Amino acid sequence: MTLLEALTAARQRIDRLDARLLLQHATGCSHADLLARPETPVSAPAGEQFMAWVERRATGEPLAYIVGEAEFRGRVFQVSPAVLIPRPETEVLIDLALERLNGRTAPRILDLGTGSGIVAISLALECPAATIVAVDVEKGAISVARNNAGRLGAQIDIRQGDWFAPLAGETFDLIVSNPPYVAEGDPHLTRDGLPFEPRLALSDGDAGGDGLACIRHIVATAADHLNPGGWLLFEHGYDQGAASRNLLTAAGFKTAFTHPDLAGIARVSGGHL
Ligand code: GLN
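Each residue of the sequence shown is one higher than the last, beginning at 1 in this note's numbering.
Now the structure itself:
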C-alpha cells in the first residue's frame, strides 16, 4: 500500500483532513512528503496502525485521543481520555488573564480544574514571573498535567483535590477556571465526540440543573482565596453570562463582566474584589 492508496482507502470512512493527520502520525511523514511522494510505500505495521485508527475515528472517537495530543495556543499538549480536549475558545480566558496580570510584578495565580493543564501552563510560559498553583480532582488529569508541564518546561505546583480543598489559608491575585458547565440534560453531551470525553469535566452531574453548580461553588468560595483587588475569571456556556454576572455581584465582586469568544459567543465572565 502506498501513501496515496492509504489516504484513498481512509477517505471512504472519514474526513479528508483527519485521514491526512492520522496518516502523518502513523507513518511519520510530513504533509509535504504526502504531496511530493504519494507513491511512497507504507510499511505493514504503519498501515495496520493507520487502518485501526481510521476505524476508531469512524466511530466518532476524537482525533486528539487517537493520536494522544492536541494543539492549544501554538503548543502541543498530551491528552488522554482523563482530560478534556483543548478548545480554541479557551484562549479567551488566557488573553483576559494576561491583561489583568499586566503591571503586577510577581502575581500568584490559581487554576481550578486544570485537566491537561493548558490554562496553567500557557499562563506560566507567557507570564514567567508568576507563581502558579493548579488543582484537579482526578488522578488521571494530574498525571497528564504534570507530564505536559514537564515537557513544555512550565514551573507549576500541581495538586490533587476538590476545588479549593488543597488550598487552605492560601491566597492569590488571580483565580482562573474552565470548570464543567454543560447542563446534565444537554443533548450536546451526546454529540460531536463529547461521549468520549470525561463527563466529570463537562457537566456538574446535576440532573435537571442548569450546569452552574461548579461555577456557583467557585464564585462563592473564591473571595476567601483572593488578595485585595484580586480577579476571578472563568469560562462558561453561551447562555450563562447573565447568571454568572449575578453570581459574581452577589458574592461581592466589582464590575462583573462577560467577554465573547472569537465566534461572538458569551464565553468568559469575571470580576475583582
Ligand atoms: N465548551 C465545551 C463544549 O461545549 C465544554 C467545556 C467545559 O465544560 N468546560 O464542548
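Even for Gly, the Cβ is constructed at its ideal location relative to N, Cα and C. It should be emphasised that the depicted structure is a prediction, and the values quoted were computed from it without experimental measurement.
To the nearest angstrom, how far is it from the Cα of residue i to the Cα of residue j?
{"i": "residue 101", "j": "residue 43", "result": "51 Å"}
{"i": "residue 128", "j": "residue 205", "result": "36 Å"}
{"i": "residue 236", "j": "residue 67", "result": "28 Å"}
{"i": "residue 275", "j": "residue 115", "result": "The question about residue 275 has no answer, for the chain in this structure spans 1 to 273."}
{"i": "residue 244", "j": "residue 203", "result": "16 Å"}
{"i": "residue 137", "j": "residue 81", "result": "15 Å"}
{"i": "residue 36", "j": "residue 189", "result": "41 Å"}
{"i": "residue 130", "j": "residue 249", "result": "27 Å"}
{"i": "residue 73", "j": "residue 258", "result": "22 Å"}
{"i": "residue 54", "j": "residue 191", "result": "19 Å"}
{"i": "residue 276", "j": "residue 247", "result": "The first residue shown for the chain is 1 and the last is 273, placing residue 276 beyond what the model contains."}
{"i": "residue 52", "j": "residue 1", "result": "15 Å"}
{"i": "residue 241", "j": "residue 41", "result": "53 Å"}
{"i": "residue 28", "j": "residue 65", "result": "18 Å"}
{"i": "residue 186", "j": "residue 218", "result": "22 Å"}
{"i": "residue 164", "j": "residue 23", "result": "43 Å"}
{"i": "residue 12", "j": "residue 87", "result": "27 Å"}
{"i": "residue 271", "j": "residue 226", "result": "12 Å"}
{"i": "residue 238", "j": "residue 264", "result": "9 Å"}
{"i": "residue 125", "j": "residue 152", "result": "8 Å"}
{"i": "residue 269", "j": "residue 256", "result": "7 Å"}
{"i": "residue 160", "j": "residue 196", "result": "23 Å"}
{"i": "residue 140", "j": "residue 104", "result": "33 Å"}
{"i": "residue 200", "j": "residue 59", "result": "22 Å"}
{"i": "residue 215", "j": "residue 183", "result": "12 Å"}
{"i": "residue 146", "j": "residue 49", "result": "28 Å"}
{"i": "residue 169", "j": "residue 21", "result": "47 Å"}
{"i": "residue 224", "j": "residue 254", "result": "15 Å"}
{"i": "residue 17", "j": "residue 260", "result": "28 Å"}
{"i": "residue 213", "j": "residue 150", "result": "32 Å"}
Inspect the beta-carbon positions of residue i and residue j and report whether they are closer than 8 Å.
{"i": "residue 233", "j": "residue 252", "result": "no"}
{"i": "residue 109", "j": "residue 154", "result": "no"}
{"i": "residue 135", "j": "residue 98", "result": "no"}
{"i": "residue 211", "j": "residue 181", "result": "yes"}
{"i": "residue 96", "j": "residue 198", "result": "no"}
{"i": "residue 63", "j": "residue 38", "result": "no"}
{"i": "residue 26", "j": "residue 9", "result": "no"}
{"i": "residue 14", "j": "residue 75", "result": "no"}
{"i": "residue 89", "j": "residue 267", "result": "yes"}
{"i": "residue 148", "j": "residue 117", "result": "yes"}
{"i": "residue 78", "j": "residue 144", "result": "yes"}
{"i": "residue 132", "j": "residue 111", "result": "yes"}
{"i": "residue 19", "j": "residue 34", "result": "no"}
{"i": "residue 123", "j": "residue 142", "result": "no"}
Should residue i be labelled buried (16 or more other beta-carbon atoms within 10 Å of its own) or exposed?
{"i": "residue 31", "result": "exposed"}
{"i": "residue 157", "result": "exposed"}
{"i": "residue 178", "result": "buried"}
{"i": "residue 222", "result": "buried"}
{"i": "residue 106", "result": "exposed"}
{"i": "residue 262", "result": "exposed"}
{"i": "residue 91", "result": "buried"}
{"i": "residue 194", "result": "buried"}
When every heavy atom of ligand 3 is checked, does at least one fall within less than 7 Å of the C-beta of residue i?
{"i": "residue 91", "result": "Ligands in the displayed structure: ligand 1; ligand 3 is not one of them."}
Per DSSP, residue i is paired with what?
{"i": "residue 105", "result": "Paired residues: none, contrary to the question."}
{"i": "residue 132", "result": "109"}
{"i": "residue 71", "result": "76"}
{"i": "residue 172", "result": "226"}
{"i": "residue 158", "result": "134"}
{"i": "residue 8", "result": "Looking at the DSSP assignment, residue 8 forms no beta bridge with any residue, so it has no partner."}
{"i": "residue 185", "result": "Partner(s): none; residue 185 has no beta bridge."}
{"i": "residue 235", "result": "268"}
{"i": "residue 25", "result": "Per DSSP, none; premise fails for residue 25."}
{"i": "residue 281", "result": "The structure shown has nothing for residue 281, since the chain only spans 1 to 273."}
{"i": "residue 259", "result": "268"}
{"i": "residue 254", "result": "272"}
{"i": "residue 203", "result": "182"}
* Sufficient close CB pairs (3 or more, under 8 Å) joining the region 171-186 to the region 212-231 -> yes
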